[in-house]
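Asks: If you're matching positions, the sequence shown starts at 1 in full-length UniProt numbering and goes up one per residue. Here a beta-carbon is modelled for each residue, glycine too, at the ideal position from N, C-alpha and C. Remember, predicted model here, so these are calculated numbers, not experimental data.
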Amino acid sequence: MPTEVVMPKLGLNMSEGMIVEWLKQEGDAVKQGDLLFVVETDKITTESEAQVEGILGKILVPAGEIVPVRTPVAIIVAAGERLPDNDEYVPSKELQLTSGPREIAPTNKRIQSTPTDKVLASPAAKRLAREHGLELSLISGTGRFESIKQTDVQQFLNRQNQTPSPKPLASPLAKRVSKELDIDLSTIVGTGKNGRITREDVERASANKEHPAQATAPGQSIP
1 MPTEVVMPKL
11 GLNMSEGMIV
21 EWLKQEGDAV
31 KQGDLLFVVE
41 TDKITTESEA
51 QVEGILGKIL
61 VPAGEIVPVR
71 TPVAIIVAAG
81 ERLPDNDEYV
91 PSKELQLTSG
101 PREIAPTNKR
111 IQSTPTDKVL
121 ASPAAKRLAR
131 EHGLELSLIS
141 GTGRFESIKQ
151 TDVQQFLNRQ
161 NQTPSPKPLA
171 SPLAKRVSKE
181 LDIDLSTIVG
191 TGKNGRITRE
201 DVERASANKE
211 HPAQATAPGQ
221 SIP
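#1: Can you check whether the CB of residue 69 is closer than 8 Å to the CB of residue 18?
#2: Are residue 169 and residue 196 touching if we call contact CB-CB under 8 Å?
#3: For the stretch 187-215, which segments carrying the alpha helix (DSSP H) assignment without a break, of at least 4 residues, lie completely within its bounds, in sequence order?
#4: So, do the stretch 71-79 and the stretch 48-58 have three or more beta carbon pairs nearer to each other than 8 Å?
#5: At what residues does the alpha helix (DSSP H) containing residue 172 begin and finish?
#6: For the candidate residues 202, 189, 161, whose alpha-carbon lies nearest to that of residue 180?
#7: Between which two residues does the alpha helix (DSSP H) holding residue 131 run?
#8: Mind pulling the beta strand (DSSP E) runs of 3 or more residues that sit fully within the UniProt domain "Lipoyl-binding" (2-77)?
#9: Residue 2 and residue 83: beta carbons closer than 8 Å?
#10: Give the straight-line distance between the Cα atoms of residue 47 and residue 39, rounded to the nearest whole angstrom.
#11: Relative to the C-alpha of residue 65, which residue among 53, 208, 171, 147 is closest?
#12: Roughly how many angstroms lie between the CA atoms of residue 133 and residue 161, to the nearest whole one?
#13: Between residue 149 and the rest of its own chain, which residues show a CB-CB distance below 6 Å, the 5 nearest in sequence each way excluded?
#14: Assuming the contact rule is C-beta atoms closer than 8 Å, residue 71 and residue 5 should be a hit. Round their C-beta distance to whole Å, please.
#15: Report the residue from 206, 129, 63, 119 whose alpha carbon sits nearest the alpha carbon of residue 20.
#16: From the DSSP secondary-structure annotation, give me the bridge partner or partners of residue 148.
In structure tokens form, the structure reads like this:
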């Protein structure tokens, strides 16, 4: 009987996950404990393993897709068993009842933590960014759902090497506010982690720009 592999729930607050990479392909033999795919949430990236033995009959969710937890992502069939030859697999009620966390389980190995702003990136992109001390939130992704690929990180590095002076380290929100307030980020000293410019830094710089004399004029009260 076909067995559904579902998107695992890796934490109490997890509502969805992204399949970063399939480690098995359709038609591959699967043993209990084999790693099936890499799943990424807003907090961690980890590998999920099979709980049953058989053949990976059909992949329902391709790499790069984000789906809610408990969503069927693949079907494992017994040797010699075949799925219906149709383009879309519709899980039966019986299969839905038998699917659950026992169908697929995360390993205890944590590969990498990701920032809380839900930056989606491939493991290769994360590794390259980590080697060069880059924050992924500064890089625009060209992958599915704007996920960051290794080539995106490499292109970012190439642009940095061609630029005479490095760009100020600033959060995406700080960049947007600086454009709205017409503030040059290079004139701001960041108070965030590693000197990162925050929204508060930009707003403070804007206030000083609008009222430069208030802080130095003696004997005057601020209205």
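Replies: Looking at the atomic coordinates:
#1: As a working mapping, residue 18 is identified with position 18 in the sequence shown. As a working mapping, residue 69 is identified with position 69 in the sequence shown. In this structure, residue 18 keeps its C-beta atom at 8 Å or more from the C-beta atom of residue 69.
#2: Residue mapping note: residue 169 aligns to position 169 of the sequence shown, counting from 1. Residue mapping note: residue 196 aligns to position 196 of the sequence shown, counting from 1. Yes, the pair counts as a contact, with Cβ atoms nearer than the cut-off.
#3: 199-210
#4: yes
#5: Within the sequence shown, numbered from 1, the residue matching residue 172 stands at position 172. Run containing residue 172: 172-181, per the alpha helix (DSSP H) assignment.
#6: For the purposes of this step, residue 180 is identified with residue 180 of the sequence shown, where counting begins at 1. Considering only alpha carbons, the answer is 202.
#7: On the sequence shown, residue 131 is found 131 positions in, with the first residue counted as 1. Note, residue 131: alpha helix (DSSP H), 123-131.
#8: 3-6, 16-22, 35-40, 44-50, 54-59, 66-68, 72-77
#9: Translated into the one-based positions of the sequence shown, residue 2 becomes position 2. Translated into the one-based positions of the sequence shown, residue 83 becomes position 83. In this structure, the beta-carbon distance from residue 2 to residue 83 falls below 8 Å.
#10: To locate residue 47, count along the sequence shown from 1; it is residue 47. To locate residue 39, count along the sequence shown from 1; it is residue 39. Their Cα atoms are separated by approximately 6 Å.
#11: Numbered from its first residue, the sequence shown carries residue 65 at position 65. Among 53, 208, 171, 147, the Cα nearest to that of residue 65 belongs to 147.
#12: Mapped onto the sequence shown, residue 133 falls at position 133. Mapped onto the sequence shown, residue 161 falls at position 161. Those two C-alpha atoms are separated by around 14 Å.
#13: As a position in the sequence shown, residue 149 is number 149, starting the count at 1. Result list for residue 149: 122, 125, 143, in chain order.
#14: To locate residue 71, count along the sequence shown from 1; it is residue 71. To locate residue 5, count along the sequence shown from 1; it is residue 5. So it is not a contact: roughly 10 Å between Cβ atoms.
#15: In the sequence shown, residue 20 corresponds to position 20, counting from 1. Taking only the C-alpha atoms, the option nearest residue 20 is 63.
#16: Position 148 of the sequence shown, counting from 1, holds the residue named residue 148. 121.
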